[in-house]
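The opening residue of the sequence shown carries number 184 in the working numbering; numbering runs sequentially from there.
Where a beta carbon is used, it is the ideal one built from N, C-alpha and C, also for glycine.
Here the structure is a predicted model, which is why all the values come from computation and not from measurement.
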Amino acid sequence: MSRITTSTLRKMKQAGEKITCLTAYDSSFSQILEEEGVEILLVGDSLGMVMQGQDSTLPVKLADMIYHTQMVRSVNKSALVMTDLPFMTYATPMQALASSGRLMKEGGAHMVKLEGGANMVETVGHLAEQGIPVCAHLGLLPQSVNKLGGYKVQGRTEKEAQKMLADAVAMEAAGADIILLECVPSILAAEITAALDVPVIGIGAGPQCDAQVLVLYDMLGITSGKRPRFTKDFLEASGDIRGAVRAYVQAVKNGSFPADEHSF
Ligand code: KIV
């Protein structure tokens, strides 16, 4: 199987083929996800919560992200591996460059992801100039949970919606290769997806996005606490892990996930 690259993903968007993404943190899941056809493996800083037992993503260290990216990459042959820049490792363009360089050189990441809108445009431009593929995460920004006052849907007012659209356009112009929208009304996510040439990944952003992502442990139904509305337990119906991943890939590809009940 040939390597999924940013140009593969753009072609898929142009062809209207849905793209699948799941988080992965180790080699066993990396292999299963890839074998079941998941195109993007996200080494998310959600590992702070689902693997380390932290109550947010804020304590996650760059060294943690490098370690888990190495584990995911150890068996990876075809999927594109995207790794989160953790909180406070990209506060300036120079710091972002140094941190991204480590994720790629030491971890083997193919792409980095950062959270932020207009405030991150210069940083995205700086990384793109240095040949670093970037995914810009907009909407609900988990690293800003203390500033946002909780995990809430973003872009509900006309003013917020216009700003998010403008931020997405500015990110693409600065060189972002993917935009990720978290907890955004479906109608706004659809507008942003249509406005951009680069693929848009959604989580809690409705069915019109080019791609979908879920935290792996959420879609396996093993995350403790209240299940967020936008997730679905695929293990329940399939009964085994590989079957659950296969069902997720099929549901994203045929457009049956996310349904209205998973959207805002
Ligand atoms: O860290 C993560 O898993 C993420 C997803 C929620 C998109 O950023």
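Query                                                                                                            : Result
Selected residue, minimal CA-CA separation from Val-432, among Ser-185, Lys-196, Glu-200, Thr-191                : Glu-200
4-residue-minimum alpha helix (DSSP H) runs that sit fully inside the region 187 to 216, ordered along the chain : 189 to 198
Heavy atom of the ligand GTP within 8 Å of Ile-202 beta-carbon                                                   : Annotation note on the ligand GTP: not contained in the displayed structure, which lists the ligand KIV as its ligands.
Alpha-carbon spacing of Asp-360 relative to Val-383, whole angstroms                                             : 9 Å
Cβ-Cβ distance between Val-304 and Ala-357 below 9 Å                                                             : yes
Lys-409 classed as buried or exposed, judged by whether at least 16 other C-beta atoms fall within 10 angstroms  : exposed
Residue range of the unbroken alpha helix (DSSP H) whose run includes Asp-267                                    : No alpha helix (DSSP H) holds Asp-267; the beta strand (DSSP E) holding it covers 263 to 267.
Residue span of the beta strand (DSSP E) that contains Val-226, given as start and end                           : 223 to 226
Pair within 9 Å by beta-carbon distance, Gly-333 and Glu-365                                                     : no
Alpha carbon of Thr-191 to alpha carbon of Pro-276, nearest angstrom                                             : 28 Å
Cutoff 8 Å; reference Ala-378; Cβ partners in own chain excluding five residues on either side                   : Leu-348, Ala-351, Val-352
Euclidean distance between Cα positions of Leu-224 and Glu-341                                                   : 33 Å
Inter-residue spacing [alpha-carbon to alpha-carbon] between Ser-369 and Ala-442                                 : 11 Å
Check: Asp-267 C-beta below 8 Å from any heavy atom of the ligand KIV                                            : yes
Val-370 beta carbon near the ligand KIV (any heavy atom closer than 8 Å)                                         : Here the sequence assigns Ile to residue 370, which means Val is not the residue at that position. Flag unset: Cβ of Ile-370 not near the ligand KIV.
Helix, strand or coil at His-293 [DSSP, three-state]                                                             : coil
Under 7 Å, CB to nearest heavy atom of the ligand KIV: contacting residues                                       : Thr-206, Leu-225, Gly-227, Asp-228, Ser-229, Thr-240, Asp-267, Lys-296, His-320, Pro-325, Leu-363, Glu-365, Ile-386, Val-396, Val-398
Whole-angstrom distance between Val-233 and Val-243, CA atom to CA atom                                          : 12 Å
C-alpha gap between Ile-187 and Ala-262, whole angstroms                                                         : 5 Å
Cutoff 6 Å; reference Leu-324; Cβ partners in own chain excluding five residues on either side                   : Glu-298
Simplified DSSP state of Val-396, which is helix, strand or coil                                                 : strand
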